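K.L.:
Chains as they are written, first to last, in our numbering: chain D, 1 to 117; chain U, 1 to 116.
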Amino acid sequence: DQQVKQNSPSLSVQEGRISILNCDYTNSMFDYFLWYKKYPAEGPTFLISISSIKDKNEDGRFTVFLNKSAKHLSLHIVPSQPGDSAVYFCAASEEIWGSSNTGKLIFGQGTTLQVKP
Amino acid sequence: DAGVIQSPRHEVTEMGQEVTLRCKPISGHNSLFWYRQTMMRGLELLIYFNNNVPIDDSGMPEDRFSAKMPNASFSTLKIQPSEPRDSAVYFCASSSGRGSVNQPQHFGDGTRLSIL
């Protein structure tokens with residue numbers, strides 16, 4: 001049972017256009033969501049995150065939107081650049097305030113983004 | 001700043017052999033995570049340490065896998081005996097907290113393991 005799903009294995013966009021990567025989750029207890037970017041032969045690197053108390057978080061060209069009722073989040077990259085070509089992983093974590101938790105991240109399968117010059 | 005350091009980067013060995021993967025977390029980080037990445041299952045958490053103590057090992061596939069963290073600057077993941085289905089990329093990550101949104105996990109570059 002996959003709790004975090006990235007249904008699009010790949011996405012191709014033209015340089016300068018918007019890239020939209022989508023992620024769905026099933027566990028309503030997830031409170032924090034993160035996006036990681038991964039280049040070949042390297043480990044994932046943290047990109048941007050959002051808490052469930054927000055519906056949007058922006059960092060430069062990257063914006064993450066959270067729709068809790070739909071259990072859906074998306075990452076927007078505007079404008080897309082060829083250097084953004086990588087695998088993007090969505091991850092979710094359950095934080096229980098006031099009690100212990102494992103800090104366990106559940107990752108989606110990843111979406112390979114190709115930005116064409 | 002030195003990131004998470006994993007060794008070896010590549011390991012090729014025959015079925016039945018013992019395999020030991022090593023990880024040095026970022027100095028000052030108190031949480032350490034071992035992940036496995038495969039085409040079929042994506043990135044899976046195997047085990048998580050906090051302050052050198054294993055907290056959650058529910059992702060460890062079976063008794064052939066074991067992990068230790070003898071001190072704050074070193075961890076090992078051991079597979080004995082190894083099997084072809086263990087072939088994957090193994091990542092180590094560390095964070096300064098429990099890996100929440102304010103303390104994201106930092107990953108090493110992984111060990112690509114091939115069991116023949």
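Virtual Cβ for every residue (Gly too), placed ideally from N, Cα, C.
Values in this document were obtained by computation on a predicted structure and should not be read as measured data.
Find the residues of chain C that neighbour Leu-32(U), judging by a C-beta separation of less than 9 Å, and give them in chain order.
P.N.:
In the structure shown, chain C cannot be found, because the protein chains are D and U.
K.L.:
Tell me the start and end of each unbroken alpha helix (DSSP H) in the segment 21 to 80 of chain U that is at least 4 residues and wholly inside, in chain order.
P.N.:
Annotation note: the segment 21 to 80 of chain U contains no uninterrupted alpha helix (DSSP H) run of length 4 or greater.
K.L.:
Give the straight-line distance between the Cα atoms of Asn-52(U) and Leu-46(U), rounded to the nearest whole angstrom.
P.N.:
Looking up residue 52(U) in the second sequence gives position 52. Looking up residue 46(U) in the second sequence gives position 46. In a straight line, the C-alpha of Asn-52(U) is about 15 Å away from that of Leu-46(U).
K.L.:
So which residues on chain D does Phe-107(U) lean against when the C-beta distance must stay under 9 Å?
P.N.:
Counted from its first residue, the second sequence places residue 107(U) at position 107. Chain D residues near Phe-107(U): Tyr-36, Lys-38, Glu-42, Gly-43, Pro-44, Thr-45, Phe-46.
K.L.:
What does Gln-109(D) reach in chain U if we use C-beta pairs closer than 8 Å?
P.N.:
In the first sequence, the residue the question calls residue 109(D) occupies position 109. For a Cβ distance threshold of 8 Å, residue set Gly-42 of chain U lies close to Gln-109(D), ordered along the chain.
K.L.:
Quick check: the Cα distance between Leu-21(D) and Glu-11(U), rounded to an integer number of angstroms?
P.N.:
Within the first sequence, numbered from 1, the residue matching residue 21(D) stands at position 21. Within the second sequence, numbered from 1, the residue matching residue 11(U) stands at position 11. Computed Cα separation, rounded: 33 Å.
K.L.:
According to DSSP, what are the bridge partners of Lys-54(D)?
P.N.:
Residue mapping note: residue 54(D) aligns to position 54 of the first sequence, counting from 1. Per DSSP, none; premise fails for Lys-54(D).
K.L.:
Specify the secondary structure class of Arg-85(U) as computed by DSSP and reduced to three states.
P.N.:
As a first step, residue 85(U) must be located in the second sequence, where it is residue number 85. Of the three classes helix, strand and coil, the one that applies to Arg-85(U) here is helix, per DSSP.
K.L.:
Going along chain U in order, which residues have a C-beta closer than 7 Å to the C-beta of Lys-116(D)?
P.N.:
Your numbering for residue 116(D) matches position 116 in the first sequence. Here the premise fails: no neighbours, minimum Cβ distance about 25 Å.
K.L.:
If you count every other CB in all the chains shown that lies within 10 Å of the CB of Ser-7(U), and 16 or more means buried, which is it?
P.N.:
Mapped onto the second sequence, residue 7(U) falls at position 7. Result: exposed.
K.L.:
What number of angstroms, rounded off, separates the C-alpha of Arg-9(U) from the C-alpha of Pro-117(D)?
P.N.:
In the second sequence, the residue the question calls residue 9(U) occupies position 9. In the first sequence, the residue the question calls residue 117(D) occupies position 117. Distance between the alpha carbons of Arg-9(U) and Pro-117(D) is about 32 Å.
K.L.:
Using a 10 Å radius around the Cβ and a threshold of 16 neighbouring Cβ atoms, would you call Ile-79(U) buried or exposed?
P.N.:
Working through the second sequence from its first residue, we reach residue 79(U) at position 79. Its Cβ being crowded by 16 or more others within 10 Å, Ile-79(U) is buried.
K.L.:
Could you list which residues in chain U have their beta carbon closer than 7 Å to that of Phe-65(D), in chain order?
P.N.:
In the first sequence, counting from the first residue as 1, residue 65(D) sits at position 65. Here the premise fails: no neighbours, minimum Cβ distance about 15 Å.
K.L.:
Interface residues of chain U around Ser-161(D) at Cβ under 8 Å?
P.N.:
As displayed, chain D neither begins before 1 nor continues past 117, which places residue 161(D) out of reach and without an answer.
K.L.:
Compare the C-beta of Ser-49(D) with all C-beta atoms of chain U and state if any pair is closer than 8 Å.
P.N.:
By one-based count along the first sequence, residue 49(D) stands at place 49. Chain U contact via Cβ: present.
K.L.:
Residues of chain U with CB under 7 Å from Phe-89(D), in chain order?
P.N.:
Position 89 of the first sequence, counted from the first residue, corresponds to residue 89(D). Those are Leu-43, listed as they occur along chain U.
K.L.:
Alpha carbon to alpha carbon, how far is Leu-113(U) from Phe-91(U)?
P.N.:
Taking the second sequence and counting its residues from 1, one reaches residue 113(U) at position 113. Taking the second sequence and counting its residues from 1, one reaches residue 91(U) at position 91. The C-alpha of Leu-113(U) lies about 11 Å from the C-alpha of Phe-91(U).
K.L.:
Among Gln-6(D), Lys-5(D), Cys-90(D), Gln-3(D), whose alpha-carbon lies nearest the alpha-carbon of Ser-49(D)?
P.N.:
Numbered from its first residue, the first sequence carries residue 49(D) at position 49. The shortest Cα separation from Ser-49(D) among Gln-6(D), Lys-5(D), Cys-90(D), Gln-3(D) belongs to Cys-90(D).
K.L.:
Who are the near neighbours of Glu-44(U) in its chain, counting only those whose CB is closer than 7 Å to its CB and skipping five residues on each side?
P.N.:
Residue mapping note: residue 44(U) aligns to position 44 of the second sequence, counting from 1. So the list reads Tyr-35, Arg-36, Gly-59, once near-sequence residues are dropped.
K.L.:
Please report how far the alpha carbon of Gln-103(U) lies from the alpha carbon of Glu-18(U), in whole angstroms.
P.N.:
Looking up residue 103(U) in the second sequence gives position 103. Looking up residue 18(U) in the second sequence gives position 18. Computed Cα separation, rounded: 34 Å.
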